[in-house]
Each structure stands twice: as C-alpha cells, then as structure tokens.
Amino acid sequence: MGTVLTIRGLSFSYDGRRKILDGLDLDLSAGETLAIMGYSGSGKTTLLKIIAGLLYPYQGTVKTHDAKGGIGYIPQNIGLVKNLTAVQNVAHGALGRIGTLPGLIGKFPQEVFEKAYQLLEDLGLAEAADRKAGQLSGGERQRVAVARALMQNPSILLADEFVSDLDVINAYEVMELTTKICRRNNIALIMTMHDTYLVNKFADRVAVLKDGKIMNEMPGNQISIKTLSAILGGGPVE
Ligand SMILES: Nc1ncnc2c1ncn2[C@@H]1O[C@H](COP(=O)(O)OP(=O)(O)OP(=O)(O)O)[C@@H](O)[C@H]1O
Ligand SMILES: [Mg+2]
C-alpha cells in the first residue's frame with residue numbers, strides 16, 4: 093500500500109509562544125483508517141486543520157502523495173447550511189471541483205445531484221435528502237456532513253469527532269457506514285475520537301497525541317481506557 097500522507101517535524105503555535113504541536117511525525121497509508129486520540133485540548137483539531145490546509149504557518153513538512161481527489165474535511169462543528177436541503181448541502185461538497193459561482197447560485201450539474209443522492213443513499217439517508225438541513229436530527233446531519241466531504245472523491249478524509257454527539261447506536265452506524273465507504277473506495281480516513289470501543293471496532297491503527305507529538309501508535313484493536321490512561325499519564329484506571 094502506498095503512503096498518501098507524510099508529516100515530519102510538524103510544529104505549530106497559535107500565539108507564537110505556546111506550542112500546540114511540537115515536532116510531530118505521522119504517516120498514513122492509502123485506504124487506512126487511523127484514529128487519533130488524546131486529551132481534550134491536546135491539538136487534535138489543530139492537526140486536522142493543518143492537514144486540511146486551513147491553518148498556517150507551521151514548521152516542518154506536511155506532504156500528500158498522489159492525493160488525486162484531495163482532502164475531504166468534516167469539521168468538529170459541522171456547519172451545514174440550514175436553509176438548504178440535505179442533498180443541496182451534499183452537492184456543495186463539489187464546489188472545489190466545479191467552481192464556486194454556479195454552486196453559489198444553486199446551479200449544480202445533474203451529475204452532481206445524482207452523486208449527492210447516491211451518497212445520501214449509501215449513508216442510509218435517502219428519505220431525508222430533500223429535507224432542509226435545519227430540520228434534521230444530529231445523527232442525520234452528521235451523515236449529510238460525511239456525504240458532503242465524500243462528494244469530491246477525496247484520497248484522504250479527515251473526520252473531527254464526527255460521531256461524538258450521537259447516541260451510541262447512531263454513532264456505531266455512522267462509523268460503520270463511513271469506514272466501509274472509505275475502505276471500498278481506498279480513501280484514507282483520519283478520525284479524532286474519544287471512544288475506545290469505537291476505535292477498537294473500526295480503526296486499523298490508533299495514534300495517541302500528547303505534548304504535541306504522537307506518543308504511541310498501535311493496532312486499532314488494542315486500545316482500552318487503561319492503556320490510554322497509561323500513555324497519557326493519567327491516574328490509574330481499574
Ligand atoms: N484559534 C485558536 N487560537 C488560540 N488557541 C487555540 C485556537 N484553537 C485552539 N486553541 C488552543 O489550542 C489547543 C489545542 O486545541 P484543539 O482544538 O486542537 O484541541 P483538541 O485536541 O481538538 O481538543 P478537543 O478534544 O476538545 O476537541 C487548546 O489549548 C486550545 O485552547
Ligand atoms: Mg477538537
């Protein structure tokens with residue numbers, strides 16, 4: 093499997109004083125599902141934003157290789173356009189490819205809408221496709237956000253705590269569908285997560301972020317609250 097992302101010596105600070113990331117190294121293989129765990133405030137969102145190209149300047153190198161479809165990003169607060177329907181929100185994920193102006197005036201080519209409907213169907217949301225995003229439940233909105241990020245056929249998908257607000261059943265379902273779609277399409281997935289059960293179930297690999305670096309990497313099925321606490325230096329967990 094080829095490498096789609098190489099990060100070396102990545103350092104970042106918001107204020108020029110406190111380093112949020114401090115010499116971080118990370119590699120990502122094509123089609124791999126990687127979970128990033130770490131305390132709240134450890135810099136997970138910051139890392140994803142840098143990979144997505146939304147935060148700079150930084151020190152070090154962040155290189156994507158053969159990332160033809162680019163990078164899809166599901167922000168921690170998804171930010172759908174409430175007055176647009178689910179399928180219109182998904183279609184907006186194609187803006188990068190088709191140019192902003194036609195998209196902004198709501199004129200997407202037919203193929204874009206067809207693909208948007210298909211993605212919503214893949215995510216079990218066909219029935220809600222024509223409902224306004226403001227009228228969807230949290231779990232439904234989360235599926236729309238996944239579909240929107242997949243619209244551009246990314247090589248890498250970044251999902252920032254994308255199931256944290258969902259009930260356990262919905263979280264499981266959205267994770268299952270998303271990881272399945274990514275594996276099927278050879279999309280490398282980086283998800284920041286807090287739930288060790290879901291990481292064990294769905295991640296190929298887990299990387300733990302601490303002190304601005306990846307402290308520990310292990311297969312995705314080997315993380316428990318106990319191991320996590322030991323890595324992070326928290327109190328003993330029985
Ligand atoms: N725009 C900003 N300006 C200044 N500091 C920021 C900014 N965004 C985040 N920070 C700080 O950077 C640190 C890392 O934040 P980040 O959002 O990356 O953490 P996180 O690991 O994603 O946390 P969580 O698990 O709560 O989402 C935190 O201390 C946060 O307060
Ligand atoms: Mg975060």
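FYI, in the working numbering the residues of the sequence shown are 93 to 330.
Backbone N, C-alpha and C define an ideal beta-carbon position, used for all residues, glycine too.
Treat the numbers as computed from the prediction; the structure is a model and nothing was measured.
Check: Would you say the beta carbon of Gly-135 comes nearer than 7 Å to a heavy atom of ligand 1?
Finding: yes
Next item on the list: Under 6 Å Cβ to Cβ from Asp-158, same chain only, skipping five residues before and after it: list those, please.
Entry: none
Next item on the list: Pull up the distance between the alpha-carbon of Asp-296 and that of Leu-126, whole angstroms please.
Entry: 6 Å
Check: For the stretch 108–182, which segments carrying the alpha helix (DSSP H) assignment without a break, of at least 4 residues, lie completely within its bounds, in sequence order?
Finding: 136–143
Notebook entry, point to check: Looking at Asp-252 and ligand 2, is the gap between the Cβ and the nearest heavy atom below 7 Å?
Noted result: yes
Note to self: For ligand 2, is there any heavy atom lying closer than 7 Å to the beta carbon of Thr-284?
What the structure shows: yes
Notebook entry, point to check: beta strand (DSSP E) containing Ala-280: first to last residue?
Noted result: 280–284
Margin query: Taking only three categories from DSSP, how would you classify Asp-252?
Written below: strand
Check: Alpha carbon to alpha carbon, how far is Leu-116 from Arg-100?
Finding: 6 Å
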